[in-house]
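Structure first, then comments.
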Amino acid sequence: MAVKTNWYEADSRFIPGHYQPATLIDLALSRDIDSHRLLRGTGLFHEDILAGNARLSPQQFLGLIGNSRKLLDADDSSFLFGQRLLPGYYGAASHALGHAQNLHQALEILIQQQVLLSPLVTLQLELDEHHAYLYWLDSCGAGEHWRFLLEASMTSLVAMSQWLSGERLPWACSFSHAEPRYVEQYWVHLGEETRFERPLDMMSIPREYLTRTWPGASATAGQVARRQAREQIEQLGFAGSFLDCLYDYLREQVRQPPSLEQAAHAFAMSPATLKRKLHKHDTGFQQQVDRVRKQVALHLYQVKGYSNDEVAAYLNFNDAANFRRSFKRWTGSTPNLIRQLFNSR
Numbered sequence: 001m002a003v004k005t006n007w008y009e010a011d012s013r014f015i016p017g018h019y020q021p022a023t024l025i026d027l028a029l030s031r032d033i034d035s036h037r038l039l040r041g042t043g044l045f046h047e048d049i050l051a052g053n054a055r056l057s058p059q060q061f062l063g064l065i066g067n068s069r070k071l072l073d074a075d076d077s078s079f080l081f082g083q084r085l086l087p088g089y090y091g092a093a094s095h096a097l098g099h100a101q102n103l104h105q106a107l108e109i110l111i112q113q114q115v116l117l118s119p120l121v122t123l124q125l126e127l128d129e130h131h132a133y134l135y136w137l138d139s140c141g142a143g144e145h146w147r148f149l150l151e152a153s154m155t156s157l158v159a160m161s162q163w164l165s166g167e168r169l170p171w172a173c174s175f176s177h178a179e180p181r182y183v184e185q186y187w188v189h190l191g192e193e194t195r196f197e198r199p200l201d202m203m204s205i206p207r208e209y210l211t212r213t214w215p216g217a218s219a220t221a222g223q224v225a226r227r228q229a230r231e232q233i234e235q236l237g238f239a240g241s242f243l244d245c246l247y248d249y250l251r252e253q254v255r256q257p258p259s260l261e262q263a264a265h266a267f268a269m270s271p272a273t274l275k276r277k278l279h280k281h282d283t284g285f286q287q288q289v290d291r292v293r294k295q296v297a298l299h300l301y302q303v304k305g306y307s308n309d310e311v312a313a314y315l316n317f318n319d320a321a322n323f324r325r326s327f328k329r330w331t332g333s334t335p336n337l338i339r340q341l342f343n344s345r
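End of the sequence shown = 345 in UniProt numbering, gap-free, step of one.
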């Protein structure tokens with residue numbers, strides 16, 4: 001199976017500095033942070049961003065996030081950043097989002113135009129009979145900044161959906177990390193249905209809210225904006241990141257995971273080159289295989305209601321003990337404990 005090679009990587013410079021990065025810069029400047037200190041080590045200059053000429057790589061954007069976290073040193077920074085992110089002022093993609101006719105269409109726009117609207121974080125949508133589930137995945141190897149991005153991304157969706165729908169929607173948010181000392185920020189910005197030490201970083205909402213009509217949307221303006229955004233993506237030459245492409249490839253092969261050599265062949269590169277690319281994104285091949293298998297297993301438990309034996313069989317484990325060991329490596333927990341957790345919800 002061959003894979004398309006049109007992706008962006010951690011060092012690809014394509015993110016306009018006056019889009020998402022400017023939102024973070026403005027937040028820092030509003031708190032009297034010096035712009036030179038803020039941009040130190042990123043290779044960026046405030047004058048270029050103001051002129052609209054700067055194009056950042058994900059690595060540079062993550063460097064800016066690191067400086068902002070250190071200089072702002074405030075518990076609410078990620079949440080305030082998130083509140084400002086969507087629909088944003090990112091040209092046609094933001095116009096399309098602003099004219100979404102309901103939540104489902106807004107989520108589809110976010111997924112289809114992720115490279116323009118959320119270049120560091122990938123959104124995945126799964127549906128069952130009663131709920132919509134949104135999973136957040138690291139696109140570029142965020143490392144220590146992942147929690148900041150996760151808090152900002154979830155906040156951005158809660159804030160945008162409230163603004164465009166005209167009501168506070170009943171989101172439930174789950175985080176894999178432990179409850180932080182600044183938990184009140186989660187309650188304020190995400191709601192009290194926020195849980196910690198859960199298997200996945202995820203949001204959910206009753207499915208009925210997906211199709212409720214949002215006021216103020218123009219179907220014509222939205223359609224034109226979506227077409228313009230697609231043309232923009234075609235000009236960029238890619239719609240997702242290298243890690244996104246690898247995730248999709250491994251997801252299709254999840255029942256019989258490929259070897260490093262097989263994956264490298266599918267991506268038309270040598271195993272050594274694939275290793276180097278993964279290292280550049282602060283990860284390794286086995287980590288990516290485990291990430292996909294964990295995601296699929298938890299989806300089967302939570303959304304499909306599979307038993308331990310059914311999940312093990314789906315993932316082609318012939319030995320129950322081997323499945324338990326692998327599952328504990330992926331999640332830090334046993335299959336039975338995870339199923340109890342999902343059933344308790």
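All C-beta atoms, glycine included, are put in the ideal place defined by N, C-alpha and C.
Neighbour-count burial assignment, residue i, 16 or more Cβ in a 10 Å radius
{"i": "residue 12", "result": "buried"}
{"i": "residue 273", "result": "exposed"}
{"i": "residue 293", "result": "buried"}
{"i": "residue 20", "result": "buried"}
{"i": "residue 166", "result": "exposed"}
{"i": "residue 310", "result": "exposed"}
{"i": "residue 132", "result": "buried"}
{"i": "residue 170", "result": "exposed"}
{"i": "residue 279", "result": "exposed"}
{"i": "residue 312", "result": "buried"}
{"i": "residue 277", "result": "buried"}
{"i": "residue 155", "result": "buried"}
{"i": "residue 270", "result": "exposed"}
Rounded separation between residue i and residue j - CA only
{"i": "residue 23", "j": "residue 325", "result": "44 Å"}
{"i": "residue 101", "j": "residue 174", "result": "27 Å"}
{"i": "residue 188", "j": "residue 289", "result": "36 Å"}
{"i": "residue 215", "j": "residue 164", "result": "7 Å"}
{"i": "residue 149", "j": "residue 78", "result": "7 Å"}
{"i": "residue 266", "j": "residue 246", "result": "10 Å"}
{"i": "residue 242", "j": "residue 42", "result": "22 Å"}
{"i": "residue 180", "j": "residue 193", "result": "15 Å"}
{"i": "residue 83", "j": "residue 319", "result": "47 Å"}
{"i": "residue 236", "j": "residue 55", "result": "12 Å"}
{"i": "residue 234", "j": "residue 15", "result": "15 Å"}
For residue i, three-class secondary structure by DSSP
{"i": "residue 54", "result": "coil"}
{"i": "residue 281", "result": "coil"}
{"i": "residue 131", "result": "strand"}
{"i": "residue 187", "result": "helix"}
{"i": "residue 359", "result": "Residue 359 is absent from the model: the chain starts at 1 and stops at 345."}
{"i": "residue 306", "result": "coil"}
{"i": "residue 34", "result": "coil"}
{"i": "residue 90", "result": "coil"}
Selection from the options that minimises the alpha carbon distance to residue i
{"i": "residue 303", "options": "47, 126, 52, 116", "result": "126"}
{"i": "residue 50", "options": "57, 25, 74", "result": "25"}
{"i": "residue 224", "options": "328, 252, 97", "result": "97"}
{"i": "residue 229", "options": "209, 93, 76", "result": "93"}
{"i": "residue 300", "options": "90, 315, 156", "result": "315"}
{"i": "residue 221", "options": "275, 112, 91, 205", "result": "91"}
{"i": "residue 201", "options": "209, 336, 342, 136", "result": "136"}
{"i": "residue 142", "options": "18, 162, 60", "result": "60"}
Check: residue i C-beta below 7 Å from any heavy atom of the ligand GDP
{"i": "residue 234", "result": "The ligand GDP is absent from the structure shown, which contains no ligands of any kind."}
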